[in-house]
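Note that the protein sequences, when read in sequence, are chains A and B.
The first sequence begins at 1 in my numbering and counts up by one.
The second sequence begins at 1001 in my numbering and counts up by one.
All C-beta atoms in this analysis are idealised placements derived from N, C-alpha and C, irrespective of residue type, glycine included.
Given the structure is predicted, the values throughout are model-derived calculations rather than measurements.
There are 2 protein chains.
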Amino acid sequence: MNMITISREFGSGGRELGKRLADLLGYDYYDREIITAIAAKKELDENYVEKALEGRAWQTVPLTFRQSFSPINMEQAVYTSLLVEQKKIIEEIAKTGRDCVIVGRNADKLLADKNPFRIFVCAEKEAKIQRCLERAGKTEHLTRKEIISNMQRIDKNRAKIREMVAGGKWGDCREYHLVINTTGWEIKDLAAAAAGFISCWIRR
Amino acid sequence: MNMITISREFGSGGRELGKRLADLLGYDYYDREIITAIAAKKELDENYVEKALEGRAWQTVPLTFRQSFSPINMEQAVYTSLLVEQKKIIEEIAKTGRDCVIVGRNADKLLADKNPFRIFVCAEKEAKIQRCLERAGKTEHLTRKEIISNMQRIDKNRAKIREMVAGGKWGDCREYHLVINTTGWEIKDLAAAAAGFISCWIRR
Chain A
1 MNMITISREF
11 GSGGRELGKR
21 LADLLGYDYY
31 DREIITAIAA
41 KKELDENYVE
51 KALEGRAWQT
61 VPLTFRQSFS
71 PINMEQAVYT
81 SLLVEQKKII
91 EEIAKTGRDC
101 VIVGRNADKL
111 LADKNPFRIF
121 VCAEKEAKIQ
131 RCLERAGKTE
141 HLTRKEIISN
151 MQRIDKNRAK
161 IREMVAGGKW
171 GDCREYHLVI
181 NTTGWEIKDL
191 AAAAAGFISC
201 WIRR
Chain B
1001 MNMITISREF
1011 GSGGRELGKR
1021 LADLLGYDYY
1031 DREIITAIAA
1041 KKELDENYVE
1051 KALEGRAWQT
1061 VPLTFRQSFS
1071 PINMEQAVYT
1081 SLLVEQKKII
1091 EEIAKTGRDC
1101 VIVGRNADKL
1111 LADKNPFRIF
1121 VCAEKEAKIQ
1131 RCLERAGKTE
1141 HLTRKEIISN
1151 MQRIDKNRAK
1161 IREMVAGGKW
1171 GDCREYHLVI
1181 NTTGWEIKDL
1191 AAAAAGFISC
1201 WIRR
């Protein structure tokens, strides 16, 4: 079983890269699907689940989910239960034994024993802003200032969540097999380049 | 003209990767050759030049090398003149217009206007120690403890020199096109994978 995990900066194109990699390699692809599965299991709204998992710093949620853990308030209890569910779903994906690409969710740390090929995707700040502006023009109505603010908030939270879940530093190049800067690439071309690189890793 | 620059952690195999990449792509290769050229020009011993450029923190050497600069002591004057010579030699390499791989020397920053493909090579600590131990067994007689100490000292100095020359943070993944972790790879196989990736970048 071959597994690729993708951590990414907001606006770097990491999600598109993951999708295209899965298509090129013929792997299963998991991203939003994990949120959908958690929402279904917990009978909660998908958008609520997504915001809760991405938007919070999780500073007070414990690293291990033991039965003895007593959350000090309702909000914490919900968050903890979402994290536990997410962990279960990611472990179930691994149990299928099928080749896959998983975007986000610190899957590389949760499935460390499976030794996934770990990718971190970043880009220069201006390139990320431009990518977000293009996307915003189609589906959202955000100003440049709002995009920069979103970018900083989301990446800060991703870093905090990673630190909490895994103790590692988000974006520290030594934590990954490959760090790819998408600046100057069409993601389509980059995906082909990365698929070739990964195929060499698998064959080695 | 295609140019690849390689920054690397001590013991990561970055030098071997650079040599193999140059061979695979048919590019010129520069590493030790730069030291040799500086030594010849300055009529100094190669080992002295190498140690002076790698082993010092350069904290007090100015960023720009203006004629008005007056070194406050002899040692500083020699260092500055080595740095100036190194910069000249790297610029001369670029002027040849030939495709090349340059290892170390912050060539990515010195030749930023040529937009080289910038690679940073790292590895897990234990993998680096093992690589150094294997090398030490052949040509040097260093203990594990001495190797770890060398590794820390050299990487610390590389980080300081980079900060001084370029203001950037050494090993910050956003500073490079690609960060490659060599852990788990034979450098020969990795070089083939990286050459394929870079060929996609050139063709894009």
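Contact between I1119 (chain B) and T1005 (chain B) holds: CB atoms are separated by about 7 Å, below the 8 Å threshold. Proximity of the segment 1172-1180 of chain B to the segment 1117-1135 of chain B meets the contact definition, three or more beta-carbon pairs being nearer than 8 Å. Using a C-beta cut-off of 8 Å, the segment 1136-1156 of chain B makes no contact with the segment 1021-1038 of chain B, since fewer than three inter-stretch Cβ pairs fall below that distance.
One alpha carbon belongs to A1127 (chain B), the other to R1158 (chain B), and they sit about 20 Å apart. Leaving aside the five residues that flank W1201 (chain B) on each side, the residues in its chain whose CB is nearer than 8 Å to its CB run, in chain order, F1117, H1177.
Annotation: the continuous alpha helix (DSSP H) that includes T1036 (chain B) extends over 1032-1042. At least 7 Å separates the CB of N1002 (chain B) from every CB of chain A. The residue among B:D1108, B:I1154, B:C1100, B:A1192 with its C-alpha nearest the C-alpha of L1053 (chain B) is B:I1154. Beyond the five residues adjoining it in sequence on each side, V78 (chain A) comes within less than 8 Å, by CB distance, of A52 in the same chain, given in chain order. Taking 7 Å as the cut-off, the beta carbon of N106 (chain A) is found no closer than this to the beta carbon of R20 (chain A).
DSSP places M1001 (chain B) outside any beta strand (DSSP E), giving it a letter other than H or E.
In the same chain as T183 (chain A), and ignoring 5 residues on each side of it, the C-beta atoms closer than 6 Å to its own belong to A123, E124, A127, in chain order.
Secondary structure note for N1181 (chain B): it is in no alpha helix (DSSP H), and the uninterrupted beta strand (DSSP E) holding it is 1178-1181. Counting only Cβ-Cβ distances below 7 Å, F10 (chain A) has no contacts in chain B at all, with the closest Cβ about 13 Å away. In this structure, the CA atom of L1024 (chain B) is about 44 Å from the CA atom of R144 (chain A).
A Cβ-Cβ separation of about 32 Å leaves W185 (chain A) out of contact with R1032 (chain B) under the 8 Å criterion. Put simply, of B:R1131, B:T1096, B:G1014 the residue whose alpha carbon is nearest the alpha carbon of K1114 (chain B) is B:T1096. Non-local C-beta neighbours of A1192 (chain B) in its own chain, meaning closer than 7 Å and more than five positions away in sequence, comprise L1024, ordered along the chain. Not a single C-beta of chain A is nearer than 7 Å to the C-beta of V1078 (chain B). DSSP lists A:C100 as the beta-bridge partner residues of D28 (chain A). With the criterion set as a beta carbon lying under 9 Å from some beta carbon of chain A, the members of the segment 1175-1194 of chain B are E1175, Y1176, H1177, L1178, V1179, I1180, N1181, T1183, G1184, W1185, E1186, D1189, L1190, A1192, A1193, A1194, in sequence order. Look at the segment 127-199 of chain A and you find these whole runs of beta strand (DSSP E), each 3 residues long or longer: 178-181. When secondary structure is reduced to three states using DSSP, R1008 (chain B) falls in the strand class. For a cut-off of 8 Å, the C-beta gap from A1166 (chain B) to K1109 (chain B) is around 4 Å, short enough to register as a contact. Taking a C-beta distance under 7 Å as the contact criterion, I1198 (chain B) and L1017 (chain B) do not qualify as a contact pair.
Cβ atoms of C100 (chain A) and G11 (chain A) stay farther apart than 8 Å, at about 24 Å. Shown here for D1028 (chain B): same chain residues with a beta carbon closer than 6 Å to its own, the five before and five after excluded, namely R1098, C1100 in chain order.
Looking at the DSSP output, V1121 (chain B) sits in a beta bridge with B:R1008, B:I1180. For D1108 (chain B), the enclosing alpha helix (DSSP H) starts and ends at 1107-1110. Ranking B:G1104, B:K1041, B:K1160 by CA distance to the CA of E1085 (chain B) puts B:K1041 first. Not one beta carbon of chain A lies nearer than 7 Å to the beta carbon of R1162 (chain B).
The residue from B:K1160, B:A1195, B:Y1030, B:E1050 with its alpha-carbon nearest to that of E1091 (chain B) is B:Y1030. At the C-beta level, V179 (chain A) and V1179 (chain B) come within 7 Å of one another. Residue nearest to D1045 (chain B) within the set B:A1022, B:L1082, B:E1009, B:R1015 is B:L1082 (criterion: CA-CA distance).
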